[in-house]
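Chemist:
Numbering (this note's numbering), first residue to last: 26 to 205.
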């Protein structure tokens, strides 16, 4: 005479229990790997947060802590300096050009004055190039500011994602305290 354990346990179908046990036994390797999931999530979260910190560091190098410094600020200052050089050299070339033109009318000074005027024109071309370079520097500063802002945002999002991943690790079943 066999005792029907299923009836004793409240009508549980033993074939269903056997199927569940078989499923667990057949997938033991997968279930063993699931035990590592909390540690993997925690490591993943830490690495995301680290990547976020590095992105924020790169952003700070490009635009400073306040978004107004770093490499972008230096390039902007270079552009402004080049603009100042252009202005001062422009003034100097105007004065030299006027002096060369006045000297052309002095007897025997026409040849040398013409050479001075040619030199002034050459310097004027350099002055224009300095102005172009200053504009390019300022444009590059604007681009770096945009990249720095984007990197800062990326760093923030990566840091948030890392915190979220670590949060999942703390609620994973294997991370729970064993019950007695």
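Virtual Cβ for every residue (Gly too), placed ideally from N, Cα, C.
1) Compute the distance between the beta-carbons of residue 158 and residue 107, then report whether it is under 7 angstroms.
2) For residue 188 and residue 149, I'd like the C-alpha separation in whole angstroms.
3) Run through DSSP, which three-state label would residue 132 get?
4) Where does residue 204 sit, in a helix, a strand or coil, going by DSSP?
5) What distance in whole Å lies between the Cβ atoms of residue 73 and residue 176, which are believed to be in contact at a cut-off of 8 angstroms?
6) Start and end of the alpha helix (DSSP H) containing residue 60?
7) Please classify residue 130: is it buried, with 16 or more other beta-carbons within 10 angstroms of its beta-carbon, or exposed?
8) Could you tell me the boundaries of the alpha helix (DSSP H) in which residue 40 lies?
9) Assuming contact is defined by CB atoms lying nearer than 7 angstroms, are residue 104 and residue 95 in contact in what I supplied?
10) Please confirm if the stretch 139-149 is in contact with the stretch 117-125, defined as three or more CB-CB distances below 8 angstroms between the two stretches.
11) Can you tell me the Cα-Cα spacing of residue 75 and residue 60, whole angstroms?
12) Straight-line CA distance for residue 57 to residue 186?
Modeler: In short, the structure shows the following:
1) Yes.
2) 58 angstroms
3) Secondary structure of residue 132 (DSSP, three-state): coil.
4) Legend: pLDDT at residue 204 = 49, less than 50; position of this residue unreliable, value from coordinates given subsequently. Here residue 204 sits in coil by DSSP.
5) With a Cβ gap of about 15 angstroms, residue 176 and residue 73 do not count as contacting.
6) Per DSSP, residue 60 belongs to no alpha helix (DSSP H) and is neither H nor E.
7) exposed
8) 39-51
9) no
10) yes
11) 24 angstroms
12) 26 angstroms
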